[in-house]
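Written below as structure tokens is the structure these notes are about.
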Amino acid sequence: MSSFEESGTRGVLAFDHFAAVPARVVLDSWFLRRAIDTTARGHDAAAAFLQRLDLVSADCFYNGLTELELIESAHAIGRPGLLAEWGTIKSTTRVYWVGVDEVADDVEALVARYGLTASGAIQVATTIAVDADALVSVDPGLAVVDAATLSLLVDVDSVAAARRYRGQPS
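Residues 1 to 170 (this note's numbering) are what the sequence shown spells out, left to right.
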């Protein structure tokens, strides 16, 4: 299986097929929703990767915005029970909360440099702030951030698009 340093990966790998497990990752809300919601497309792969992170005691980080987006999403799809599952994950997995205020100073520069949304910039800033090995997401658009700044683990269906953002054929 690939590593981020291998030629051609451009710092983007599929969490579905990633043999190694990083020691430190940031989990965004879209990945977490997919891992928690059994009806979500790609649930099995996301849930399996989250379980692998747990089994190897990886340090997983999330920020305050991620939690708010999970609350919003659970209610928007009429599944507030997903929040109980999120609570279970927080109590059984090595997840650490990062306050938005801890990374807010970097958001404007990331938005200006890469054209990220504020939400995307907060995820990238969190990844940088905690010195994570990768950001785990299902959003290939985050690959507008260069590979030297951000290693990205996405679902297998998003790898080609993410690599195109970085100018690399899939």
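Note that the Cβ used here is the ideal one computed from N, Cα and C, for glycine as well.
- Leu-152 sits in a strand when the DSSP states are folded into three classes.
- Approximately 18 Å separates the beta-carbon atoms of Val-154 and Ile-122; this is outside 8 Å, ruling out the contact.
- In this structure, Arg-94 sits away from Asp-44, with a CB-CB distance that is not shorter than 7 Å.
- When DSSP reads this structure, Arg-24 sits in a beta bridge with Asp-59.
- Beta-bridge partners of Leu-135 (DSSP): Val-26 and Leu-152.
- Just so you know, the alpha carbons of Gly-42 and Thr-117 end up roughly 24 Å apart.
- Of the candidates Val-103, Leu-32, Tyr-62 and Arg-79, the residue whose Cα lies closest to the Cα of Ala-48 is Leu-32.
- The Cβ atoms of Val-103 and Leu-27 do not sit closer than 7 Å to each other.
- Taking C-beta atoms as the reference points, Ala-74 and Leu-83 count as a pair closer than 7 Å.
- When secondary structure is reduced to three states using DSSP, Leu-116 falls in the coil class, being assigned neither helix nor strand.
- Exclusion of the five residues before and after Val-21 leaves Arg-52, Leu-53, Val-56 and Ala-58 as the residues of its chain whose Cβ lies within less than 7 Å of its Cβ.
- Here Ala-147 carries a coil assignment [DSSP, helix/strand/coil].
- Here Trp-86 is buried, its C-beta having at least 16 other C-beta atoms within 10 Å.
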